[in-house]
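Asks: Following this message is one structure expressed as structure tokens.
2 protein chains.
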Amino acid sequence: MGIDQVDNYLDAHRAQFEEELKALIRIPSVSAQPTHSDDVRKAAEFVRDNLRSIGVPADLIETPGHPIVYGERLDAPGKPTVLIYGHYDVQPPEPLEPWLSPPFEPTIREGNLFARGATDDKGQMFTHLKAVEAWLKTVGQLPVNVKFLIEGEEEVGGANLENYVSLNKAKLACDVAVISDTSQFAPGIPAITYGLRGLAYFELLVEGANIDLHSGTYGGAVANPLNALCQMIASLKDGDGRIQIAGFYDDVRPLEDWERQAWAKLPFDEAMYQKGLGVIGLFGEKGFSTLERSWARPTCDVHGLWGGYSGPGPKTVLPRKAGAKLSFRLVPNQDPKRVAELLKAHLKAVCPPGVTYELIEQHGAPAALVEVDTPAARAASKAIEASFGTPPVFMRGGGSIPVVGLIKTQLGVDTLLLGWGQEDDNLHGPNEKFCLADFHLGIKASAHLLAELAR
Amino acid sequence: MGIDQVDNYLDAHRAQFEEELKALIRIPSVSAQPTHSDDVRKAAEFVRDNLRSIGVPADLIETPGHPIVYGERLDAPGKPTVLIYGHYDVQPPEPLEPWLSPPFEPTIREGNLFARGATDDKGQMFTHLKAVEAWLKTVGQLPVNVKFLIEGEEEVGGANLENYVSLNKAKLACDVAVISDTSQFAPGIPAITYGLRGLAYFELLVEGANIDLHSGTYGGAVANPLNALCQMIASLKDGDGRIQIAGFYDDVRPLEDWERQAWAKLPFDEAMYQKGLGVIGLFGEKGFSTLERSWARPTCDVHGLWGGYSGPGPKTVLPRKAGAKLSFRLVPNQDPKRVAELLKAHLKAVCPPGVTYELIEQHGAPAALVEVDTPAARAASKAIEASFGTPPVFMRGGGSIPVVGLIKTQLGVDTLLLGWGQEDDNLHGPNEKFCLADFHLGIKASAHLLAELAR
Chain H
1 MGIDQVDNYL DAHRAQFEEE LKALIRIPSV SAQPTHSDDV RKAAEFVRDN LRSIGVPADL
61 IETPGHPIVY GERLDAPGKP TVLIYGHYDV QPPEPLEPWL SPPFEPTIRE GNLFARGATD
121 DKGQMFTHLK AVEAWLKTVG QLPVNVKFLI EGEEEVGGAN LENYVSLNKA KLACDVAVIS
181 DTSQFAPGIP AITYGLRGLA YFELLVEGAN IDLHSGTYGG AVANPLNALC QMIASLKDGD
241 GRIQIAGFYD DVRPLEDWER QAWAKLPFDE AMYQKGLGVI GLFGEKGFST LERSWARPTC
301 DVHGLWGGYS GPGPKTVLPR KAGAKLSFRL VPNQDPKRVA ELLKAHLKAV CPPGVTYELI
361 EQHGAPAALV EVDTPAARAA SKAIEASFGT PPVFMRGGGS IPVVGLIKTQ LGVDTLLLGW
421 GQEDDNLHGP NEKFCLADFH LGIKASAHLL AELAR
Chain E
1001 MGIDQVDNYL DAHRAQFEEE LKALIRIPSV SAQPTHSDDV RKAAEFVRDN LRSIGVPADL
1061 IETPGHPIVY GERLDAPGKP TVLIYGHYDV QPPEPLEPWL SPPFEPTIRE GNLFARGATD
1121 DKGQMFTHLK AVEAWLKTVG QLPVNVKFLI EGEEEVGGAN LENYVSLNKA KLACDVAVIS
1181 DTSQFAPGIP AITYGLRGLA YFELLVEGAN IDLHSGTYGG AVANPLNALC QMIASLKDGD
1241 GRIQIAGFYD DVRPLEDWER QAWAKLPFDE AMYQKGLGVI GLFGEKGFST LERSWARPTC
1301 DVHGLWGGYS GPGPKTVLPR KAGAKLSFRL VPNQDPKRVA ELLKAHLKAV CPPGVTYELI
1361 EQHGAPAALV EVDTPAARAA SKAIEASFGT PPVFMRGGGS IPVVGLIKTQ LGVDTLLLGW
1421 GQEDDNLHGP NEKFCLADFH LGIKASAHLL AELAR
């Protein structure tokens, strides 16, 4: 009864697992910030060394950017092969001011581990290393073949992983992929995520004169890049939240009836949701519920605005330049390249006179949708029930994990999205957290999954 | 023939005047920066001492902020009294990097004196002291009564001058005020400015959730403060540059036919103007020329935008808060308080669902418009022609000099705005300059003005 030994090992090593995770989190592996490139490498080495220490031969794969960690343990001939994907890089911690404890000093408050990367994705990714450790330190071998693919450029959308996967299809060949980089539906309601949104991310720069101008002397006679930027951005949506780019919805695959019905039955408390966010009301596209809006409808959101003077008091400058970061969450079957083309045509049409603009494409990935009625999904369901004490619900997620599409197109397999996090974990925001109870439940579910997939 | 002696004195003392101006400019009297408060006082003392040395009894008037310099020479009974206003404080020199010579080390290049305060307003204000000096050192008395009111808080918009003027109406009683803090129409085309725009300046803050959110998890289901801010700002103007706030134009006094005709005849080279600014085209309200747009039409300009992420690479944050600085240049007869009320009503109507906002009023001043066909204006015109060799054109300016309104309401007199500067003097910017030829022409014109006003 290998699984009992495994469970006992997990119970006995909770403190060790937490300390190891904290050590990984303390490395500020912010992939977007060049000043942290040494730290990113240190995090990769940490993951590689941890894999080696638990009995999985592993190496760093160099790329033009941050390294990929690859490890494999293939000692279950005739059994399925599982590819476990995760990422060791994290989002920038800024703004720093709202953090209650330093972003790279993991701090436990009320059973939650607070730190950048706690849930996204160091904590969730690490559950699979610890599950494998428990098998190898007790039974001595794994019930299935396991390949670990842990990258360092997930948060910057680099092309290096894509290149690596497409050039190493045989090496990475597998029967199913597993990723823990999503959330449960709610505390105590674990979930398997069968769909994700895609992303098309842009920077938009608007320029006017060749120097900053005085608004008294020139105001009214020359276009103002800040006003122009606002005008261009405002043109992207109507007052009902519907995107106004011609052709934008052409490829949107409608929700299936069974999905809308199933989601309507999920225990979603809209009042609590609103209260938790502290907003005065919810707002989104007409004709869709909150879950539908956040899981299965495309968006257009601005992520940053800059230009001119933001210090104290009045300054009457007409700045020469203004900028914005904005993105579209995409749904099946939208193509990020086509969305970029449609956006370009739209901006060309709406750009006001007197300014020029530049649109920089920063990231693009299609949405993902996988089958829900498969042997692997049933195995995952059983494993989750064994750990959490309740079977998972099937949901979609609003975020993007581009590697799901990559794995499908390059390796031909679907991905099990097994999220151990919670919706309010503040991934990408200040005070990111991961519930330590979920961390350990995730490890146990992962350990059971290896057994279930072997059947 | 007193005026000939005066002219001869001016010719003979050019070098001395320039050295004195340089000494005044070397005092970094930046009124906005507390670290320079001693320097601000030194500049006040310099002006007081210079007035005393030329024969005008003068003192410092203490205020809760920086002192006012007041001096008077009332030895022309039965003749008009002229109030000369100016300011000895300067804008901060930052950003320092673009300066070709240190901002407080006056440096002559190609006949221009480069330094912070060279034109705004030390150099222009100083012309009137040197004109009075010439009269007193030659004729021994002034042809009219002269009162000097030189403040140290013009660049910070303090209330201390307003308090002082309103409490000392009898002391400051005069027949006309003179201010040199504007520009000529162009090199070789001196001007009398008979109108200025007012200003209503605001900060607008928009808030959504109580924390930054992940756009994957929440995008589409909650309002985004950045999108909302852009939407609110874009709603302020239509595509033709016309302000969309209900009632905004109600009080706008239309341009007179004679003004439009006169301005159309001014030697304004739109192609050169556009080229100098480096814009791809000019843009403003339809139905108005560039001069009309910048002198006599109200504006709505954004001066700063902030919120979210502006670092390198993509970050998919829905920030909790966004902000903007924006202002309206006002024209006669708009009231800044009424504009603030109209703006409030507009924002209330257009604020999208799901966000809240706060509007902070940061500054307000009405426009100014003075009569052009008055004895004083005719006197100024003759004085300028005597110095520059050509009569001035009558123009308006796009900026704001709130003291013009103060003098009108408190002392009941119009102001002669006699600008010796040029449009490209970079006041408030790096490499501020003042043409030394204009400095001496301004002194001579001021000296002749005293004679003309006595007639």
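Which chain is which? The protein sequence lines are H and E, in order. If you read the first sequence in the numbering used here, its first letter stands for residue 1, the second for the next number, and so on. If you read the second sequence in the numbering used here, its first letter stands for residue 1001, the second for the next number, and so on. Ideal placement from N, C-alpha and C gives every residue a C-beta, glycine not left out.
1) Is glutamate 151/H closer than 8 Å to leucine 167/H when the C-beta atoms are compared?
2) Using C-beta distances below 6 Å, list every residue in its chain close to tryptophan 295/H, excluding the 5 sequence neighbours before and after it, in chain order.
3) Leucine 1369/E to glutamine 1334/E, Cα distance in whole Å?
4) Give the single residue among Glu1094/E, Phe1126/E, Glu1154/E and Pro1103/E whose Cα lies nearest to the Cα of histidine 971/E.
5) Find the nearest neighbour of proline 34/H within the set Phe46/H, Asp89/H, Phe17/H and Asp59/H, judged by alpha-carbon distance.
6) Taking the beta strand (DSSP E) that histidine 13/H belongs to, which residues open and close that run?
7) Can you tell me whether DSSP reads valine 1222/E as helix, strand or coil?
8) Distance, Cα to Cα, aspartate 175/H vs valine 413/H?
9) Would you report the Cα separation of proline 1103/E and alanine 1115/E, rounded to the nearest angstrom?
10) For glycine 419/H and alanine 1234/E, I'd like the C-alpha separation in whole angstroms.
11) May I ask you to list, following chain order, the residues of the stretch 294 to 321 of chain H that have a beta carbon less than 7 Å from some beta carbon of chain E?
12) Flag tyrosine 201/H as yes if its beta-carbon sits less than 8 Å from any beta-carbon of chain E, otherwise no.
13) For threonine 1356/E, which residues in chain H fall below 7 Å Cβ to Cβ?
14) Given 8 Å as the limit, is there contact between the stretch 223 to 243 of chain H and the stretch 1222 to 1231 of chain E, that is, 3 or more CB pairs closer than that?
15) So, does the CB of tyrosine 1194/E fall closer than 8 Å to a CB anywhere in chain H?
16) Taking the runs of the alpha helix (DSSP H) that are 4 residues or longer, which of them lie wholly in the stretch 387 to 439 of chain H?
17) Assign methionine 1272/E to buried or exposed, taking buried as 16 or more other Cβ atoms, counted over all protein chains shown, within 10 Å of its Cβ.
18) Taking the continuous alpha helix (DSSP H) assigned at tryptophan 306/H, which residues delimit it?
19) What separation, rounded to the nearest whole angstrom, lies between the Cα atoms of leucine 441/H and valine 350/H?
20) Identify, in the order they occur along the chain, each residue of the same chain with its Cβ nearer than 6 Å to the Cβ of proline 98/H, setting aside the five sequence neighbours on each side.
21) Which runs of the beta strand (DSSP E) at least 3 residues long sit entirely within the stretch 1022 to 1104 of chain E? Give them in chain order.
22) Does any residue of chain H bring its CB to less than 8 Å from the CB of cysteine 1230/E?
23) Please report how far the alpha carbon of lysine 1147/E lies from the alpha carbon of alanine 1032/E, in whole angstroms.
24) Based on the DSSP secondary-structure assignment, which residues constitute the bridge partners of glycine 1323/E?
25) Closer than 8 Å, Cβ to any Cβ of chain E: which residues of the stretch 414 to 430 of chain H, in chain order?
26) Identify which residue in Leu21/H, Ala131/H and Leu427/H has its Cα closest to the Cα of glycine 55/H.
27) Serine 1400/E and proline 1392/E - do their beta-carbons sit closer together than 8 Å?
28) Select from the stretch 84 to 107 of chain H all residues with a C-beta closer than 9 Å to any C-beta belonging to chain E, and list them in chain order.
29) Would you kindly work out how many angstroms separate the C-alpha atoms of glutamine 1016/E and leucine 204/H, rounded to a whole number?
30) How is methionine 261/H classed by DSSP in three states: helix, strand or coil?
31) Quick check on threonine 217/H - is its C-beta less than 8 Å from some C-beta in chain E?
32) Strictly by DSSP, which residues pair up with glutamate 361/H?
33) What whole-angstrom Cβ distance do phenylalanine 1283/E and proline 225/H have, given they're in contact under 8 Å?
34) Which chain H residues are close to glutamate 1020/E, counting only those with a beta carbon under 8 Å from its beta carbon?
35) For threonine 1193/E, tell me which candidate among Phe1439/E, Asp1039/E, Arg1378/E and Gln1005/E has the shortest Cα-Cα distance.
36) Tell me, please, which residues DSSP counts as bridged to phenylalanine 1328/E.
Replies: In terms of the structure at hand:
1) Here residue 167/H is taken as the residue at index 167 of the first sequence, counted from 1. Here residue 151/H is taken as the residue at index 151 of the first sequence, counted from 1. No, Cβ-Cβ distance for leucine 167/H and glutamate 151/H is not below 8 Å.
2) Position 295 of the first sequence, counting from 1, holds the residue named residue 295/H. Counting only Cβ-Cβ distances below 6 Å, and skipping sequence neighbours, we find Arg396 and Gly398.
3) Translated into positions along the second sequence, residue 1369/E becomes position 369. Translated into positions along the second sequence, residue 1334/E becomes position 334. Taken atom to atom, the span from the alpha-carbon of leucine 1369/E to that of glutamine 1334/E is near 12 Å.
4) Outside the shown range of chain E (1001 to 1455) lies residue 971/E, about which nothing can therefore be said.
5) Against the first sequence, residue 34/H aligns to sequence position 34. Check the Cα spacing between proline 34/H and each of Phe46/H, Asp89/H, Phe17/H and Asp59/H: the tightest is with Asp89/H.
6) Position 13 of the first sequence, counted from the start, is the residue given in the question as residue 13/H. That residue, histidine 13/H, is in no beta strand (DSSP E); it is neither H nor E in DSSP.
7) One-based indexing of the second sequence puts residue 1222/E at position 222. Valine 1222/E carries a strand assignment under DSSP once its states are collapsed to helix, strand and coil.
8) Working through the first sequence from its first residue, we reach residue 175/H at position 175. Working through the first sequence from its first residue, we reach residue 413/H at position 413. Approximately 6 Å, taken between the alpha carbons.
9) Within the second sequence, the letter at position 103 stands for residue 1103/E. Within the second sequence, the letter at position 115 stands for residue 1115/E. One C-alpha to the other measures close to 5 Å.
10) Within the first sequence, the letter at position 419 stands for residue 419/H. Within the second sequence, the letter at position 234 stands for residue 1234/E. If you take the alpha carbons of glycine 419/H and alanine 1234/E, they lie about 40 Å apart.
11) Close to chain E, meaning a Cβ-Cβ distance shorter than 7 Å, are the following residues of the stretch 294 to 321 of chain H: Ser294, Arg297, Thr299, Asp301, Val302, His303, Gly304, Leu305, Trp306, Gly307, Gly308, Tyr309, Ser310, Gly313, Pro314, Lys315, Thr316, Val317 and Leu318.
12) Taking the first residue of the first sequence as position 1, residue 201/H is located at position 201. Residue contact check for tyrosine 201/H against chain E: a CB pair falls below 8 Å.
13) Mapped onto the second sequence, residue 1356/E falls at position 356. What threonine 1356/E touches in chain H, judged by beta-carbon distance under 7 Å, is Ile280, going in chain order.
14) Two segments are said to touch when three or more pairs of C-beta atoms, one from each, lie closer than 8 Å; by this definition the stretch 223 to 243 of chain H touches the stretch 1222 to 1231 of chain E.
15) Within the second sequence, residue 1194/E is the residue found at index 194, counting from 1. At a cut-off of 8 Å between beta carbons, tyrosine 1194/E makes no contact with chain H.
16) Here the runs fully enclosed are 402 to 406.
17) Reading the second sequence from its first residue, position 272 is the one you call residue 1272/E. Here methionine 1272/E is exposed: its Cβ has fewer than 16 other Cβ atoms, across all protein chains shown, within 10 Å.
18) Here residue 306/H is taken as the residue at index 306 of the first sequence, counted from 1. Going by DSSP, tryptophan 306/H is part of no alpha helix (DSSP H) but of the beta strand (DSSP E) stretching over 301 to 308.
19) Locating residue 441/H in the first sequence gives position 441, where the first residue counts as 1. Locating residue 350/H in the first sequence gives position 350, where the first residue counts as 1. So the two alpha carbons sit approximately 51 Å from each other.
20) Here residue 98/H is taken as the residue at index 98 of the first sequence, counted from 1. Spatial neighbours of proline 98/H in its own chain (CB-CB distance under 6 Å, excluding positions within 5 residues in sequence) are listed in chain order as Pro430.
21) As far as the stretch 1022 to 1104 of chain E is concerned, its whole beta strand (DSSP E) runs of at least 3 residues are 1058 to 1061, 1068 to 1073 and 1081 to 1087.
22) As a first step, residue 1230/E must be located in the second sequence, where it is residue number 230. By this cut-off, cysteine 1230/E is an interface position.
23) Reading the second sequence from its first residue, position 147 is the one you call residue 1147/E. Reading the second sequence from its first residue, position 32 is the one you call residue 1032/E. Roughly 27 Å separates the two Cα atoms.
24) Walking along the second sequence from the start, residue 1323/E turns up at place 323. Per DSSP, the beta-bridge partners of glycine 1323/E are Leu1205/E and Trp1306/E.
25) Cβ contacts with chain E: Glu423, Asn426, Leu427, His428, Gly429 and Pro430.
26) As a first step, residue 55/H must be located in the first sequence, where it is residue number 55. The residue from Leu21/H, Ala131/H and Leu427/H with its alpha-carbon nearest to that of glycine 55/H is Ala131/H.
27) Sequence index remark: in the second sequence, residue 1392/E carries index 392 (1-based). Sequence index remark: in the second sequence, residue 1400/E carries index 400 (1-based). With contacts defined as CB atoms closer than 8 Å, proline 1392/E and serine 1400/E fail to qualify as a contacting pair.
28) Going along the stretch 84 to 107 of chain H in chain order, one finds Gln91, Pro92, Glu94, Pro95 and Pro98 with a Cβ nearer than 9 Å to chain E.
29) Numbered from 1 along the second sequence, position 16 holds the residue referred to as residue 1016/E. Numbered from 1 along the first sequence, position 204 holds the residue referred to as residue 204/H. About 54 Å.
30) For the purposes of this step, residue 261/H is identified with residue 261 of the first sequence, where counting begins at 1. The sequence given here places glutamine at residue 261/H; methionine does not occur at that position. In the three-state reduction of the DSSP assignment, glutamine 261/H falls in the helix class.
31) The count along the first sequence starts at 1 and reaches residue 217/H at position 217. Put simply, the CB of threonine 217/H is near chain E, with a gap under 8 Å to one of its CB atoms.
32) Residue mapping note: residue 361/H aligns to position 361 of the first sequence, counting from 1. Paired residue(s): Phe202/H.
33) For the purposes of this step, residue 1283/E is identified with residue 283 of the second sequence, where counting begins at 1. For the purposes of this step, residue 225/H is identified with residue 225 of the first sequence, where counting begins at 1. For a cut-off of 8 Å, the C-beta gap from phenylalanine 1283/E to proline 225/H is around 11 Å, too long to register as a contact.
34) Locating residue 1020/E in the second sequence gives position 20, counting from the first residue. Chain order gives no chain H residues near glutamate 1020/E, where near means a beta carbon separation below 8 Å; the closest approach is about 28 Å.
35) Mapped onto the second sequence, residue 1193/E falls at position 193. Residue Arg1378/E holds the alpha-carbon nearest to the alpha-carbon of threonine 1193/E among Phe1439/E, Asp1039/E, Arg1378/E and Gln1005/E.
36) Locating residue 1328/E in the second sequence gives position 328, where the first residue counts as 1. Ala1200/E, per the DSSP bridge assignment.
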